[in-house]
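S.K.:
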Amino acid sequence: MEGRLYVYDAESKYTAFESNASGSNRVAIFIPGLTDGPLSLPYLPLLAATLSAHAFSVVQPILPSSYTQYGTSSLRNDAVYIDKLVAHLVHQRGGRALQLVLIGHSTGCQNIIHFLKTARLDVARMVVAIVLQAAVSDREYMMWRDAPKTSRLIEAAKALHPDDLLPRDADLSPITASRYLSLATRLGDDDMFSSDLTDDELKSVFSGVRKGMVVGIFLSGADEYVPSHVDVNFLIQRWRNVLVKQQAFAVTAKVIDKADHALSDSKVQENFCSGVDDIIQKALTKGSY
2 MEGRLYVYDA ESKYTAFESN ASGSNRVAIF IPGLTDGPLS LPYLPLLAAT LSAHAFSVVQ
62 PILPSSYTQY GTSSLRNDAV YIDKLVAHLV HQRGGRALQL VLIGHSTGCQ NIIHFLKTAR
122 LDVARMVVAI VLQAAVSDRE YMMWRDAPKT SRLIEAAKAL HPDDLLPRDA DLSPITASRY
182 LSLATRLGDD DMFSSDLTDD ELKSVFSGVR KGMVVGIFLS GADEYVPSHV DVNFLIQRWR
242 NVLVKQQAFA VTAKVIDKAD HALSDSKVQE NFCSGVDDII QKALTKGSY
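All the letters of the sequence shown, read from the start, carry residue numbers 2 to 290 under my numbering.
Below, the structure is given as structure tokens:
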């Protein structure tokens with residue numbers, strides 16, 4: 002992929018990579034998951050080409066949680082920098098309001114949902130569509146992978162100051178007590194997509210999705226981070242029902258057969274990007290942009 006790399010926040014020196022840059026006010030911000038950063042996902046070139054057909058640039062920012070920084074960051078901290086990125090993009094375009102599409106992969110989906118719940122009204126109104134790809138439960142995965150270790154670390158984290166680090170073997174990244182509890186405990190800040198959440202709890206999770214927004218949710222049929230006991234087809238329909246009741250304009254909820262977490266297979270990538278294309282068309286048709 003080719004594009005422009007620029008600093009979007011002077012204080013932190015955080016950068017963003019923008020492809021398909023044309024000065025248009027149509028912008029898609031892509032936010033990946035834990036351990037990822039710009040250009041980390043294999044489907045990004047095809048996704049960028051799909052969005053380019055609708056005159057959308059694709060912006061991939063460095064955030065406080067990018068790569069292995071996530072353990073000492075939070076959804077709240079990332080939201081601050083997503084807001085700074087949006088302000089920079091608006092300034093770049095002479096103050097024009099953007100037509101924003103937010104696309105998340107894995108924990109990036111949590112970033113999007115949290116951002117929508119906390120964003121300033123003028124920014125929230127710029128978001129015409131969101132796409133959630135591989136929205137999975139960190140809590141359920143951690144307990145499925147190693148319940149004794151996870152339970153032990155939860156108790157250790159509860160005994161620490163929120164900003165204290167857990168022992169080095171707790172996670173791939175150095176991780177604070179607060180971030181570990183956010184990821185590993187029921188109704189922690191990151192616990193948005195667990196299969197045991199009630200309908201009322203899901204309503205709270207999706208409360209930032211405003212009336213009239215276009216939503217796409219794509220889960221993987223062979224996601225290695227989803228426990229075997231989770232019925233993803235049933236789960237995604239529960240989410241869809243909640244969003245429809247909240248009067249989202251259009252909700253696409255699809256399980257991509259044989260897809261892994263990162264959509265490694267080229268056929269699977271085409272399937273996903275075709276779905277994104279449909280979502281963009283719905284968003285643009287609705288707004289006549």
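Cβ atoms here follow ideal geometry from the backbone N, Cα and C, with glycine treated the same way.
(1) Which residue comes first and which comes last in the beta strand (DSSP E) that contains E141?
(2) Considering just the uninterrupted stretch of the alpha helix (DSSP H) at L45, what are its terminal residues?
(3) Note down the Cα distance separating H92 from K150, rounded to an integer number of angstroms.
(4) Quick one: what does DSSP say L76 is sitting in, helix, strand or coil?
(5) Specify whether the segment 130-138 and the segment 279-289 touch according to this definition: at least 3 beta carbon pairs, one from each stretch, less than 8 Å apart.
(6) Go through its chain and collect everything with a Cβ distance to H55's Cβ below 6 Å, but skip five positions before and after it.
(7) Measuring CA to CA, which of D197, D191 and V252 is closest to D232?
(8) Could you say which of I218, F116 and Y226 lies nearest to Y142 if we only look at CA atoms?
(9) So is G189 buried or exposed if we call it buried at 16+ other beta carbons inside 10 Å?
(10) To the nearest angstrom, how far is it from the Cα of A17 to the Cα of L117?
(11) Return the chain-ordered ranges of every alpha helix (DSSP H) run that is complete within the segment 223-279 and spans a minimum of 4 residues.
(12) Applying the 10 Å Cβ sphere with the 16-neighbour rule, what's the burial state of Q238?
(13) Between Q61 and P39, how many whole angstroms is the CB-CB distance? I'm expecting something under 8 Å.
(14) Can you tell which of S66, R94, I176 and A284 has the C-alpha that lies nearest to the C-alpha of A22?
(15) Within 10 Å of its beta-carbon, does T286 have 16 or more other beta-carbons around it, so buried, or fewer, so exposed?
(16) A185 lies in the beta strand (DSSP E); which residues open and close that run?
(17) Which value, in whole angstroms, describes the spacing of the CA atoms of H162 and T108?
(18) Using the C-alpha atoms, what's the distance from V252 back to D84?
(19) Answer yes or no: do S58 and E19 have a C-beta to C-beta separation smaller than 9 Å?
(20) Buried or exposed: which applies to P33, given that a residue is buried once 16 or more other Cβ atoms fall within 10 Å of its Cβ?
M.R.: Answer, in terms of the structure:
(1) Run containing E141: none in the beta strand (DSSP E); it sits in the alpha helix (DSSP H), D139 to K159.
(2) Note, L45: alpha helix (DSSP H), L45 to S53.
(3) C-alpha separation (whole angstroms): 47 Å.
(4) Here L76 sits in helix by DSSP.
(5) These segments touch.
(6) Excluding residues up to 5 positions away in sequence, I281 lie with their Cβ nearer than 6 Å to the Cβ of H55 in the same chain.
(7) Checked all of D197, D191 and V252; the closest Cα to D232 is D197.
(8) The residue with the shortest Cα to Cα distance from Y142 is Y226.
(9) Flag for G189 reads buried.
(10) In this structure, the CA atom of A17 is about 20 Å from the CA atom of L117.
(11) For the segment 223-279, whole alpha helix (DSSP H) runs of length 4 or above, ordered along the chain, are 233-246.
(12) It counts as exposed.
(13) Confirmed, about 4 Å.
(14) When each option's Cα is compared against that of A22, the closest is R94.
(15) By the beta-carbon neighbour count (other beta carbons within 10 angstroms, threshold 16), T286 is exposed.
(16) Annotation: A185 is outside any beta strand (DSSP E); the continuous alpha helix (DSSP H) that includes it extends over A178 to A185.
(17) If I take the Cα positions, the gap works out to 24 Å.
(18) So the alpha carbons of these two residues sit roughly 25 Å apart.
(19) Yes.
(20) The residue is buried, with at least 16 neighbouring Cβ atoms inside 10 Å.
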